[in-house]
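Have a look at the structure below, then the notes.
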Amino acid sequence: MQFKSGDFATAPTVLEIEGLEVSLPPSSGLPPVLQGINLRIRKGETVCLVGESGSGKSVTSLAIMGLLPKDALAVTGGAIRLSGTELRSLTPGQMRALRARRVAMIFQEPMTALNPVQRVGDQIAEVLETHTPLDGAEIRKRVTDVLEQVHLPDVERIARSYPHQLSGGQRQRIMIAMALVLEPELLIADEPTTALDVTTQKQILSLIAELQARHGTAVLFITHDMGVVAEIADTVCVMRHGVLVEQAPVNQLLRNPREDYTRALLKAVPSLVPRAARPEPTQPPVLQVRALDKTYGGGGLLRRRPETRAARGVTFDVAPGRTLGIVGESGSGKSTVARCIMRLIEPTAGEIRLRGTDIAGLSRAGLKPHRRHIQVVFQDPFRSLNPRWTVGRSLTEGPLNYGTPRSEALRQARELLALVGLPEDALDRYPHQFSGGQRQRIAIARAVAMKPDVLVADEAVSALDVSVQAQVLDLLADLQNRLGITIVFITHDLRVAAQICDEVIVMQKGEVVEQGAAAAVLANPAHPYTRALIEAAPGRHWDFANFRALAPGAAS
Amino acid sequence: MFGYILRRILAVIPVLLIVAIFVFLLLRLTPGDPAAIIAGDMATPAQLERIRDQMGLNDPLHIQFITWMGALLQGDLGVSLISNTDVTTMIGQRIWPTIHIALLTIVISVAVAVPLGVLAAWRHRSWVDYAVMSFSVLGFSVPVFVIGYLFILAFSLTLGWLPVQGYTPPTQDFGAFLSRAILPALTLATIYIALIARMTRASMLEVLSEDYIRTARAKGVAERRVLFRHALRNAAVPIMTIVGTGFALLISGVVVTESVFNIPGIGRLTVDAILARDYPVIQAMILLTSAIYVLVNLVIDISYTFFDPRIRY
Amino acid sequence: MNSVPQPASALQWALRALSLPRRWKFGLGPALAALVLVAIVFVTLLSPWIAPHDPMAMNPLGRMQPASGAHPLGTDAYGRDLLSRVLIGGQVSLLIGVAAAAVSVAIGLLIGLVAGFFRLADTIIMRIMDSLMAIPSILLAIALVALNGPSITSVVLAITIPEIPRVVRLVRAVVLSAREEPYVEAAIALGSGMPKILLQHLMPNTMAPLIVQGTYILASAILTEAILSFLGAGVSTEIPTWGNIMAEGRTFFRIKPELILWPGLMLSLCILSINLLGDAARDMLDPRLKKRAA
Amino acid sequence: ETTLTAVMHSGLRVLDPVITTAHITRNHAYMIYDVLVAVDENFEPQPQMAEWEISDDGLTYTFTLREGLLFHDGAPVTAADAVASLNRWASRDSGGQIIMDFTESLEAADDRTIVWTLSRPFPAMLDTIGKQSALPPFIMPARVAETPSDTAITDYTGSGPFRFVEEEFQPGVSVTYAKFEDYVPRDEPPSWMAGGKVVHLDRVVWVNMPDAQTAINALATGEIDYMEQVQIDLLPLLEFEEGVTVEVRDPLGSQTMGRLNFKHPPFDDVRIRQAALRALGQEAVLATLMGDPAYYSLCGAIFGCGTPLENDTGSETLLAGGDPDGARALLEEAGYDGTPIVLMQPTDVSSLIAQPVVAAQALRNAGFTVDMQPMDWQTLVTRRASQNAPADGGWNVFFTNWMVPEVNSPLISPMLNGRGDSAWFGWPEDPEIEALKLEFIDATSLEEQQEVAARIQAHTLEQVLYIPLGQYVFPQARRDTITGMIGSPVPVFWNIEKAE
Ligand SMILES: Nc1ncnc2c1ncn2[C@@H]1O[C@H](COP(=O)(O)OP(=O)(O)OP(=O)(O)O)[C@@H](O)[C@H]1O
Ligand SMILES: Nc1ncnc2c1ncn2[C@@H]1O[C@H](COP(=O)(O)OP(=O)(O)OP(=O)(O)O)[C@@H](O)[C@H]1O
Ligand SMILES: [Mg+2]
Ligand SMILES: [Mg+2]
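Protein chains in written order, with the numbering used here: chain A, 13 to 568; chain B, 8 to 320; chain C, 2 to 295; chain D, 29 to 528.
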């Protein structure tokens, strides 16, 4: 494994944070969210910020941007300097002129971060309109370019689409494009690739690297994916509970982590080597999907827009107690399949048999008795939680629907919160008061609370740091052992897939291109796309848990 | 979408049919006798009876309904019982002043209220917010005629800038139209400004706490643009609803302003007709307003899909 | 520095003494508003005992008197005591205003939720609403009074029926946007029934616009009542209401503006307080606007 | 070109002066039609379109049309037109009906001569066809006058001093008249509806302004020239207005009155009717209605004060402000059981709003139980025609106003009809009043008429056929640029000059 080995001793400092403290309003009586953060990023350097979910990574980046939520959080101490300018003393106007042009940020949750009522192309163009004197045609050209740079297919259609018409990964790439389009001095990327498949991720990472090489962009990269860290970091910072616990060059940190927490974190990184196969199932499949088709309709005021065939002839079976992984390109139709299975959207054609019944054509009322047997964790945890409901209320909603008494439901909810590693007082808080990973854990807890037969998890762990991720995966495994839950697990993370899946299907452009036992597919990919996927897995030559490189050949 | 619009336009027909039956029955349930108004105070019961016969008011209800519907299907709205004038002509004379003033009112209201509401939401709980609130409260709770009188007192009687009353069609003399229409439009606009500003504020407050607003700011977009391009459009659906239903209401005429400013609009026509039980005029007016409502509502519904592409029909 | 208790803190102290739940942290504005509203309702209810004169007793030879000791606000065109009329006027006005607002919002909300959520219901319900909207309340009022005789119920109905479609439209519009939110899908996936989704997930989204619309209806119902009563389709003009006191004062707008001023002031104060309270309630319903409290 | 813009007391909607008795329609008719004979300010009939001769036996009236009379379409006015118009009028007007009862023949002898032969003398003949209210016999072309009298006419050709501009007519909003250039006025000076109708204006526009303050403001700024009626309470607004004159044009004004329902208890009992009369006082009603004593006068005369038949027998308590104690005693005596009396209150007619309110209070004071029911005028008009019991959609009391010229003679006053079901609403069954009216017809001199009238007055108030509540008049307002208005109960627009 070759780490980046840039020497920045002479490079000018782009970002310098000294003693940063961010607090909740004094009336809350809670300790500061961030304490004494010191951080420096030099020209051309990539600093990766890793750490527990909820440790303050996003808050740090928002503080730099000067975009902390007004009534909730405020910088209460320290300094943030961009190339020597103290940002905290700038007027709002000066700060505005700086954003996107000199510091750009990619936000963690692309669905909520994009304006739902504007075409994504226009949202990118707006950056150019605001900060450059370019004319309409030039702007359009630049937008098309940048969309191509982030490897979006069908650029014309995508630019014309509204956010809700794009897949999670496509939205994330829109965010990335928006941040990159002006080639800023400092790029803050808050988990920019969690929703991307590894091939796309690789392209994005190289795009950022390219930018860095050309302009000396300084990058603050927040991620949970140690593979990515291994690939791109110059320096790694580890955060926990609002404090920077360790900061070291990547080489040193991966080989010789100083802090116990860092060691624990690295130990939790799952291996790319598929786990040992479980015995073949004997029971009949609990979920059967046959020739599933989904076409998104065109619409348009007078003229019909072209349609999108998001799923074509998808067919698979899952036996009780087994885990099926769905991997594949972003925009290949994974979420579409999941939403069809859940019957949240109407499949265009095909059959979905849940415990023997075809639910593809059932009415709303007819579906109700089946709902409790199949649950979902959405790709977009924030939007899938009602912002006006406390977490407790969301967690008990399902059980209450099926007759669990309130006190019992609450007790369960509290247990589940503990299981997913959230404090008990979370029950009374609202979704917007949590970090991205915390919200995802809430969403998982909500689905699990129903004790379903089938759990569809759409990128359920991608926003979690590896240690929590490991806990959650253990939790799922445990549930599976105890209750025989069947899991359909949609993921980009081949490490995760390798660790928990019995079977894997690989999707590309709405079709299943490869299908089989996890060990077989991941170890000996037959389809060229699968092979490309595995090739692209970051950090696949490093054995994180043991702080050393893998023996050559072990991974492929 | 095109099919949807077509369906909605076709839906006018059943709506009008329901309204027609409903209004017809409602009118026949209300006491009142157009014959009496025609005949005047001195008429004897026998004379009244003869006039009623003459006007067909003594026919059985279903006959009256069929006669009326029959004529209606041929596009004939009938003749006013009181003035013997063709109803189509009457409405034709009276609807334009109402439409012109309604348009002017809505334009003024939206132009003033939306920025005010945006400002109030942006400076939530500041003096701007409270000032907008106080203004709205006045707009809600002061009778329209008071506002009208005050405007007349100020602009016409004291300053002598504008005429007190009357209406000139814009096609005839646009300057004269404006000078006469501006006060009634402003008067009506006070209520609508109040309502729309409050609605804008309420709706904007929800939107301003969304993540994409933060994104827009992160792009370095000017605050004004953040408010008007990003937030307002997301907040637009309820605002549009209020504007739309308000416009529909204005189109059906506002009696008080029409009286205070002596505008020959359809609001007065309707009320006069109701008070005189001039059945053909009332029926025609209500049919007309419901047709207008259906169309205005269609426009509102279509505008939703423009403001919020997630809305589908 | 200053040991004299500030009115603000005195007020907050008073509220604390009433031991309102701590969650109900009022600002000064809403607290004042609540106080004003309670005061108005109180005075209105007690008016038969407080009012210095019989509000209906006429004195044709003592019309339009200026304020005096006997008539603190003067007398009206029939020589009736204005103060007594304004005090008692709140009874019918508030009843009609509150009833009209409550009924139209409640019914409109229910219908609007259903119309917004179910496509089929939408087409049918909204066409019916379109037709209802076109019926002038004057006509309706005359018909209702003819059927039931003059009563507050008839007036409320006549005002409410054309108002409901407007509420329905508003609610529906909000629901149309909100129903596409993933949390609604999540609720469906969790097996929540339609009533629950409509009432618990979608309804809170409609609160902010409904509070605005509701206070507007309240105010306009009070004013419309006067118009109806002057067309003989409302409550008797003998019984004072804020609306008909103002409407009777219309002629005297320039001669004796007090006739409009006092009832208008009462009405404005009511609407202002209700608005302030509504805003406070709304802020409380929307956790994102609420400052984070421990 | 001079245009006079006038705000009239109401909007013009009905254009047929025979089918309706609405004052605005009558005013309109005086603009575009002419009459054969007209009463002058001394209540004397004078020739207008025609001179007359009466045969010595008083049975034959020969009318000769003036030369040069033309309709607006250019056709000459002929005797045949006049006969057709008189016939149509007589089929509607109560006075006309009486004459027709005595008519042997009514014929056009030649183009300009009309011969009207009666079967018995009818001394009030000329007064009746020359009356200015409520239904004067206007002369229309024969083709129009042939329309049945219960169908509204649709051709508005007249021979009066103004032409109706049909294209500019907006019912209830505005109506435009243009000077009829070919009109030949008489030579005498104008006096009420008689005399020369010389037109100095090119156009007259009547607009209806539902809001009284708007009209006042418009008058103040000169946007209009004339207001037919100014609400008394608004007079202070014009007081200091330069260039505006407020004055009374109509010397008689109107009478306001209450009418009881004879068909149902309690007012089928004369004592209870008398109690109601005693309960009321004119001053309270008038003061509330008008405000300023300059514009009302207490008047107990059913034929109006300032008229030849004036007499106020029996009205003492009304003039003295009521006698609640006397009323209570009468109620006691009659054994009134407290049944609520239904008092209809029209809420949309400004000249009738105050009476019910004041009366309700006075009646309650005297011990009546009153159920005052507000309603719009149309509802009232329907309901007053109902002979049902009050609790069942009928009524007990309502109020109305008549112009004095509409009640100043027992022959025309609708309130004095005693023919039960065919009488005016309230339906008194009173043969005695009918007999008295016949005596009145036969009276040949004013003195004789006054004597019978006094007995009618006494009888009316004793039986309480109705309760006269006094007389009032609305002032008019004009810009000072308007001169030459003649005083008369009907506002007319001839003789008026407008300075620029
Ligand atoms: N608006 C807010 N109000 C109150 N607390 C908040 C708010 N936003 C974040 N927090 C809290 O601040 C802490 C840090 O959150 P932050 O979003 O920075 O976490 P993170 O490190 O980005 O986590 P993740 O990896 O899960 O995204 C968390 O405990 C979170 O609950
Ligand atoms: N509502 C919609 N209307 C139109 N097109 C849609 C809609 N939703 C998704 N699509 C399109 O369907 C395709 C599949 O989307 P889907 O969300 O299933 O992808 P995915 O495999 O989940 O991708 P990711 O890993 O990026 O989440 C994409 O090309 C997307 O643009
Ligand atoms: Mg985060
Ligand atoms: Mg997806």
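A virtual CB, placed ideally from N, CA and C, is assigned to each residue, including glycine.
Item, Value
"Sheet register partners of residue 104 of chain D (DSSP bridge)", "D:98"
"Those residues which DSSP pairs with residue 357 of chain A across a bridge", "Answer by DSSP bridge pairing: none, since residue 357 of chain A is not bridged."
"Through-space distance from residue 278 of chain B to residue 352 of chain D, alpha-carbon basis", "41 angstroms"
"Continuous beta strand (DSSP E) assignments of at least 3 residues falling wholly in the region 29–111 of chain D", "31–35, 65–67, 73–75, 78–82, 88–93"
"Bridge partners - residue 249 of chain A, DSSP secondary structure assignment", "A:61, A:259"
"Inter-stretch contact (C-beta, 8 angstroms, three-pair minimum) for the region 293–313 of chain A and the region 360–373 of chain A", "yes"
"Closer than 7 angstroms at the beta carbon, the chain C residues around residue 400 of chain D", "237, 239"
"Residue 86 of chain A Cβ short of 7 angstroms to ligand 1 heavy atom set", "no"
"Contact with chain D by residue 151 of chain C, beta-carbon distance below 8 angstroms", "yes"
"Any chain B beta carbon closer than 8 angstroms to residue 314 of chain A", "At residue 314 of chain A the pLDDT is 46, less than 50, meaning the model places this residue with poor confidence; the figure from the coordinates comes in the next sentence. Judged by the 8 angstroms Cβ criterion, residue 314 of chain A is in contact with chain B."
"Bridge partner(s) assigned by DSSP for residue 111 of chain A", "A:115"
"Residues proximal to ligand 4 by C-beta, any heavy atom closer than 5 angstroms", "A:179, A:180, A:347, A:391"
"Distance CB(residue 126 of chain A)-CB(residue 186 of chain A) smaller than 8 angstroms", "yes"
"Rounded separation between residue 332 of chain D and residue 51 of chain D - CA only", "18 angstroms"
"Where residue 315 of chain B meets chain A, residues with beta-carbon distance less than 7 angstroms", "129"
"Chain C within 8 angstroms of residue 205 of chain B, Cβ atoms only", "yes"
"Burial state of residue 385 of chain A, where buried means 16 or more other Cβ atoms lie within 10 Å", "buried"
"Residue 73 of chain B classed as buried or exposed, judged by whether at least 16 other C-beta atoms fall within 10 angstroms", "exposed"
"heavy atom of ligand 2 below 7 angstroms from residue 322 of chain A C-beta", "yes"
"Span of the alpha helix (DSSP H), counted from its first residue to its last, around residue 9 of chain A", "Not covered by the structure: residue 9 of chain A. The range shown for chain A is 13 to 568."
"Supposed close pair residue 60 of chain D, residue 150 of chain D - CB separation, criterion 8 angstroms", "The Cβ separation is near 29 angstroms, so there is no contact."
"Closest residue to residue 304 of chain A among A:270, A:374, A:360, A:50 (Cα-Cα distance)", "A:360"
"Residues from the region 103–121 of chain D in contact with chain C, defined by Cβ distance under 7 angstroms", "none"
"Limits of the alpha helix (DSSP H) - the one that residue 233 of chain B falls within", "Note, residue 233 of chain B: premise wrong, no alpha helix (DSSP H); not H, not E."
"N-terminal and C-terminal residue of the beta strand (DSSP E) that residue 230 of chain C is part of", "Premise fails: residue 230 of chain C lies in the alpha helix (DSSP H), 204–231, not in any beta strand (DSSP E)."
"Residue from A:193, A:117, A:349 with nearest C-alpha to residue 524 of chain A", "A:349"
"Beta-bridge partners of residue 519 of chain A, as assigned by DSSP", "A:340, A:524"
"Proximity of residue 57 of chain D and residue 273 of chain D at Cβ, strictly below 8 angstroms", "no"
"Neighbouring residues (CB closer than 5 angstroms to any heavy atom of ligand 1)", "A:45, A:65, A:66, A:67, A:68, A:69, A:70, A:71, A:81, A:84, A:445, A:446, A:447, A:448, A:449"
"Inter-residue Cα distance where the pair is residue 314 of chain B and residue 158 of chain C", "34 angstroms"
"heavy atom of ligand 3 below 7 angstroms from residue 202 of chain A C-beta", "yes"
"Rounded separation between residue 221 of chain C and residue 240 of chain C - CA only", "19 angstroms"
"Check: residue 182 of chain A C-beta below 7 angstroms from any heavy atom of ligand 2", "yes"
"Selection of the region 238–270 of chain D by Cβ proximity to chain C, strictly under 8 angstroms", "240, 241, 259, 261, 262, 264, 265"
"Within chain A, the residues that residue 188 of chain C reaches when beta carbons sit closer than 8 angstroms", "398, 409"
"Contact list for residue 228 of chain B against chain A, beta-carbon separation under 7 angstroms", "138, 142"
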